[in-house]
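With the numbering used here as the guide, the letters of the sequence shown map in order to residues 962 to 1165.
Yeah, the Cβ is synthetic: ideal placement off N, Cα and C, and Gly gets one too.
Because the structure is a prediction, the values reported are computed rather than measured.
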Amino acid sequence: SAGTSWTFDYTQGFAGEFSVGSAYTVHSIEGFFGNQGGGAGSVTISIHADGGNIPGNVLFSAPMSLAANVAPDWYGLSGLGWNIGAGTYWVSFVTDLEISGSMPGNAPDPLDEYGQYSGQAWLDLGENYFDYLELGIRMDGTQVQAVPEPAGLALTGFGLAALGFSRRRAKPAESLFRKSPAMEMTGIGEPGRCRASGRGRHRS
């Protein structure tokens, strides 16, 4: 429903799956989340190898600082220079003990698969189980080419917005992110807890 929002704190983190058809250098990663009820803390953003229905081994990881009492918006890391080859990956967002906020759902162009981190582990409850999360994630990068002619990744929209990033079941040339106007966050409800034992509940 409109306004769905998921609790985002030390007990519950999230990830989204994406695929690339060729090598890329990732320059920035952002998620749409807030820290409405927590103190200043940090969010660790990572790129993982594909672990099937969940994120696999961490390939790259770095923390970002998040101020206290901030509303949901795009927050993340830039200047990364993380190099990935063709394949399927996961990007994750996990907080420290200080953060207590939410990560809104209902991205207009969601990824094909999402994951949830609870109880200090990624939950494997079957393929596409957490697709209902529909979280906002976006990335910026440059395609690595044999002849140096960088193809910029224009990342816009609410979802993993990156030209050249394709969904697992999409054609290789199809962008994971379609260009779209900036998402206006309206009607966001109270944070809802996504339970490890089943689908999350929410209040809209």
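The bridge partners DSSP lists for Phe1054 are Phe975, Ile1006.
Here the C-alpha atom of Asp970 lies approximately 7 angstroms from the C-alpha atom of Asp1057. By the neighbour-count criterion, in which a residue is buried when 16 or more other Cβ atoms sit within 10 angstroms of its Cβ, Val1019 is exposed. The Cβ-Cβ distance between Gly1000 and Ala1029 falls below 8 angstroms.
In the structure shown, Leu1038 adopts extended strand secondary structure according to DSSP, grouped into three states.
Burial state of Asn1089 is exposed, judged by a 10 Å Cβ sphere holding fewer than 16 other Cβ atoms. Rounded to whole angstroms, the gap between the alpha carbons of Phe1054 and Trp1083 is 12 angstroms. Take the alpha-carbon of Tyr1078 and the one of Gln973: they are about 5 angstroms apart. The Cβ atoms of Gly992 and Met1100 do not sit closer than 8 angstroms to each other. Inclusion of Val1052 and Gly977 in the CB contact set at 8 angstroms is warranted, their separation being smaller than that value.
If the five residues before and after Gly1012 are omitted, its C-beta is found closer than 6 angstroms to no C-beta atom of its own chain. Apart from the 5 residues on each side of it in sequence, Gly1040 sits with its Cβ closer than 8 angstroms to the Cβ of His988, Ser989 in its chain, given in chain order.
Nearest to Thr968 by alpha-carbon distance, out of Ile1045, Gly1037, Ile1060, Glu1074, is Ile1060.
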